[in-house]
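For what it's worth, the working numbering labels the leading residue of the sequence shown as 64, then goes sequentially.
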Amino acid sequence: MRKQRSGPFVVPARDIVFHPGEMREFTLDVPAPEKWGEGLVSVAEGDSVLVEVRLESVHEGILATGRIETEYVGVCGRCLTDIAEPVEVEFQELFAYPGTEATDFEVQDDHVDLETLVRDAIVLALPFQPVCQPDCPGLDPATGERLATSTGSEQREPLDVRWAALQKFTPDHDEEAPRA
Ligand SMILES: [Zn+2]
64 MRKQRSGPFV VPARDIVFHP GEMREFTLDV PAPEKWGEGL VSVAEGDSVL VEVRLESVHE
124 GILATGRIET EYVGVCGRCL TDIAEPVEVE FQELFAYPGT EATDFEVQDD HVDLETLVRD
184 AIVLALPFQP VCQPDCPGLD PATGERLATS TGSEQREPLD VRWAALQKFT PDHDEEAPRA
């Protein structure tokens, strides 16, 4: 069984351990201790992670039920635009008393540490193929630029801009703007 030091997601359970039927509710607002997620999007280190949890004393241990709210940041999988979206996930896990059950989580003395549980729940909830909007058109295969629904790509080409600038320096314009 894993042993963890006390950390930001440690919740006290002293009042309810070995008192089946008792419960306590907690709200944590903790900065993510490190970047969570390895894909196109992740929860950034230091971003707020809100956890509402109810600890319920049962015969086998402490049942933790709750929900997590945070935000992921990253890039759209189609057009690579920066995106930031809220993510919300619910969880329920049993923290067993040591030696009673084979489980991923154990009650540690008089507390439970939700960090691994919260991190795993968030990472599993992150989208593999995040998009900036459901109908993101992606990138133009020819130019590699982002396709937008309302803007014609021709107007954005640098060549047009340079031609427009050069028109200021045609002979006609020079004659119309003589210098002293
Ligand atoms: Zn996109």
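Ideal placement from N, C-alpha and C gives every residue a C-beta, glycine not left out. Since the model is a prediction, treat every value here as computed from it, not as a measurement.
Locate the beta strand (DSSP E) running through residue i, then write down its first and last residues.
i, result
"Val181", "Premise fails: Val181 lies in the alpha helix (DSSP H), 178-188, not in any beta strand (DSSP E)."
"Tyr160", "Tyr160 -> no beta strand (DSSP E), and no H or E assigned at all."
"Pro193", "Pro193 -> no beta strand (DSSP E), and no H or E assigned at all."
"Gly137", "124-138"
"Thr90", "86-94"
Where does residue i land, buried or exposed, given buried means 16+ other C-beta within 10 angstroms?
i, result
"Glu208", "exposed"
"Phe72", "buried"
"Pro193", "buried"
"Thr206", "exposed"
"Ala95", "buried"
"Arg219", "At Arg219 the pLDDT is 42, less than 50, meaning the model places this residue with poor confidence; the figure from the coordinates comes in the next sentence. Exposed."
"Leu187", "exposed"
"Ser120", "buried"
"Phe168", "buried"
"Glu97", "exposed"
"Ala127", "buried"
"Gly162", "exposed"
"Phe191", "exposed"
"Phe81", "exposed"
"Gly70", "exposed"
So is the beta-carbon of residue i under 8 Å away from any non-hydrogen atom of ligand 1?
i, result
"Thr144", "yes"
"Gly137", "no"
"Gly109", "no"
"Val104", "no"
"Gln44", "The question about residue 44 has no answer, for the chain in this structure spans 64 to 243."
"Tyr155", "Reading off the sequence shown, one finds Gln at residue 155, where the question assumed Tyr. For ligand 1, not one heavy atom lies less than 8 Å from the Cβ of Gln155."
"Gln192", "no"
"Gly201", "yes"
"Arg209", "yes"
"Arg244", "As displayed, the chain neither begins before 64 nor continues past 243, which places residue 244 out of reach and without an answer."
Does the distance from the C-beta atom of residue i to that of residue j stay below 9 Å?
i, j, result
"Tyr135", "Val106", "yes"
"Pro200", "Cys142", "yes"
"Arg130", "Glu151", "yes"
"His174", "Val104", "no"
"Gly124", "Tyr160", "yes"
"Leu189", "Glu156", "no"
"Arg87", "Leu118", "yes"
In three-state terms, what does DSSP make of residue i?
i, result
"Leu118", "strand"
"Pro149", "strand"
"Pro204", "coil"
"Pro165", "Just to set this straight, residue 165 is Ala in the shown sequence, not Pro. Coil, per DSSP."
"Ile79", "coil"
"Glu209", "According to the sequence displayed, residue 209 carries Arg and not Glu. Of the three classes helix, strand and coil, the one that applies to Arg209 here is strand, per DSSP."
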